[in-house]
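Using full-length UniProt numbering, the first residue of the sequence shown is number 1, and each one after it goes up by one. Heads up, the beta-carbon is just placed ideally off N, CA and C, and yes, glycines get one too. Below you'll find the structure, written out as structure tokens, and then a few comments.
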Amino acid sequence: MKNLYSARPLAHQDYMGALMSLGVRREKFSDLMVVSDCCYIPMLPEIMPYILENLTKVGSNGVSCREVGLEELSVLPRPVRERSLQVASLRLDALVAEIAGISRSQAEALIKSGKVLLNYREVKDRAQDVHTQDVLTIRGSGKFRVGEITGETRKGRLRLTVEQY
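Written out as structure tokens, the structure reads:
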């Protein structure tokens, strides 16, 4: 989707609001990628014709929509921020709690409510093991790739790196 009115730049929340106002359920599309004056929206094929036909404005800005292949998406630049964490274990709830800066019980509630995806799949088991190179999506916090385990602390906690993008 391309913003046709460049005087007012659009943000992630603008595009998300436009999709939601069309009545499209959140589970029908994936993470929005906003790059410059364009927004890329991976979505299920069944809703694509509806979006292409009906999404003509985002806020007061006119937009043009077209289908883009996966090969075009793979060359998009993704800003990556590396973080170092210390976790008690590689259980899903421990990692979600540390990444999101919340308690383990709050992390468990997020997992049970379906707001946490592991390798792009919803997981309901808080004790699920997470491995290096797994992709963790936490709605409201972002998307993260689990990096290497770099060591242990004196108290036995694991040191690891996480890439946020």
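Closest by C-alpha distance to residue i, when choosing among the options
i           : options            : result
residue 113 : 126, 102, 2 and 55 : 126
residue 27  : 53, 14 and 19      : 19
residue 13  : 83, 80, 23 and 59  : 59
Three-way DSSP call (helix, strand, coil) for residue i in this model
i           : result
residue 1   : coil
residue 168 : Residue 168 lies beyond the stretch modelled for the chain, which goes from 1 to 165, so this question has no answer here.
residue 96  : helix
residue 155 : coil
residue 126 : coil
residue 26  : helix
residue 15  : helix
Bridge-paired residues (DSSP) for residue i
i           : result
residue 106 : DSSP lists no partner for residue 106.
residue 134 : DSSP output for residue 134 lists no bridge partner at all.
residue 149 : 160
residue 115 : Bridge partners of residue 115: none, in fact.
residue 142 : 138
residue 8   : Residue 8 pairs with nothing; no bridge assigned.
residue 43  : 29
Outcome for residue i when other beta-carbon atoms lying within 10 angstroms are tallied against a minimum of 16
i           : result
residue 1   : buried
residue 35  : exposed
residue 120 : exposed
residue 97  : buried
residue 3   : buried
residue 51  : buried
Residue i CB to nearest heavy atom of the ligand MN below 7 angstroms
i          : result
residue 35 : You won't find the ligand MN in this model; it holds no ligand whatsoever.
Runs of beta strand (DSSP E) wholly within the region 45–88 (minimum 3 residues, chain order) = 61–64 and 81–87
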